[in-house]
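Trainee: Reminder that position 53 of the sequence shown reads as 57 in our numbering, one-by-one numbering, no gaps.
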Amino acid sequence: MNFKNYKTISLISFISILAIICNFLYLWFDEYISNFPELKEISNYIGFLSILGLMTLFIELIDKYLWKQSLTNVIIEIPNLNGRYKGTMTSSYIDPSTNAPIVLDCVMEISQTASSIQVHTYIGKDGKQTSTSETICEVLKKKSNNFYTLYYNYGNVSNLNVELNDHKGTAYLDYFKDIKSLKGNYFNERRNSGTIIVKFVSNVLIGRFNEEL
5 MNFKNYKTIS
15 LISFISILAI
25 ICNFLYLWFD
35 EYISNFPELK
45 EISNYIGFLS
55 ILGLMTLFIE
65 LIDKYLWKQS
75 LTNVIIEIPN
85 LNGRYKGTMT
95 SSYIDPSTNA
105 PIVLDCVMEI
115 SQTASSIQVH
125 TYIGKDGKQT
135 STSETICEVL
145 KKKSNNFYTL
155 YYNYGNVSNL
165 NVELNDHKGT
175 AYLDYFKDIK
185 SLKGNYFNER
195 RNSGTIIVKF
205 VSNVLIGRFN
215 EEL
């Protein structure tokens, strides 16, 4: 876990308050179980019953679940990008048969917590998957206009029956919350570039291009 997406000053204040609350809860619980010798002895060996354990539990809950709720905006306020997106990827590569840029189907699945975000992308043509990519490092950055841009480096793996080499690349996509869409550009080490436009379609991730295997 890291805290790069958290508001630093607010987080420090929150942790201080949380420490006081956890200390109170632990003292109350410790006094309560003092009437039960067996439980008291067990509690001495259970880490999550300590103050540090309680604080860790609260922070883990925030990082994985509660960050999506408005009540945590005081310490973290980032858009929830979790889900499956569909759209197109337009490449700068010119198709010799049409003399036009290649347009491919693009499916993107995003898994996100407060401290991390991973993007898996599935590229296809004519209903068949041709390649997949997985992010290597990611940054979700708030711009001066209060909108967010997702920057990431990725590694792409092509299907065995496709005459393309595996490669690495970089993408940056603007997120539009009102229409749940991502739009931006990419470029790769094969000296190709292009645009990606995808729109949210589902919260369900299936880990592949389409329903077929």
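We put the beta carbon where it would ideally sit given N, CA and C, even for glycine. Computed from a prediction, not measured in an experiment: that's the story for all the values here.
1. Mind reading off the beta-carbon distance from V111 to S135? Whole number of angstroms is fine, and I expect it under 8 Å.
2. Using a 10 Å radius around the Cβ and a threshold of 16 neighbouring Cβ atoms, would you call Y158 buried or exposed?
3. Quick one: give me the first and last residue of the beta strand (DSSP E) that I121 is part of.
4. From which residue to which residue does the beta strand (DSSP E) around K145 run?
5. In its own chain, which residues sit with a C-beta less than 8 Å from the C-beta of N6, not counting the 5 before and 5 after it?
6. V143 to Y155, Cα distance in whole Å?
7. For I79, I'd like the list of residues in its chain whose CB is within less than 8 Å of its CB, leaving aside the five on either flank, ordered along the chain.
8. Can you find the residues in the same chain that come closer than 8 Å, C-beta to C-beta, to I55, ignoring five residues on each side of it along the sequence?
9. Is it the case that the Cβ atoms of V208 and K90 are separated by a distance below 9 Å?
10. Does the beta-carbon of Y36 have 16 or more other beta-carbons within 10 angstroms, so that it is buried, or is it exposed?
11. Suppose the cutoff is 7 Å on Cβ atoms and the five residues either side in sequence are ignored; what does the same chain contact list for G87 look like?
12. Quick one: complete alpha helix (DSSP H) runs, 4+ long, within the stretch 15-47?
13. What does the alpha-carbon distance come out to for the pair Y152 and L75?
14. Less than 6 Å between C-beta atoms, sequence neighbours within five positions excluded: which residues of the same chain meet that for T117?
15. Output the distance between the C-alpha atoms of Y97 and M59, rounded to the nearest integer angstrom.
Mentor: The relevant details are as follows:
1. Contact flag wrong, Cβ pair sits at about 11 Å.
2. buried
3. I121 to K129
4. K132 to K146
5. S119 and S120
6. 5 Å
7. Y10, K11, S14, L15, F18 and I66
8. A23, C26, N27 and Y30
9. no
10. exposed
11. I114, F204, S206 and N207
12. 41-47
13. 20 Å
14. D67 and K68
15. 52 Å
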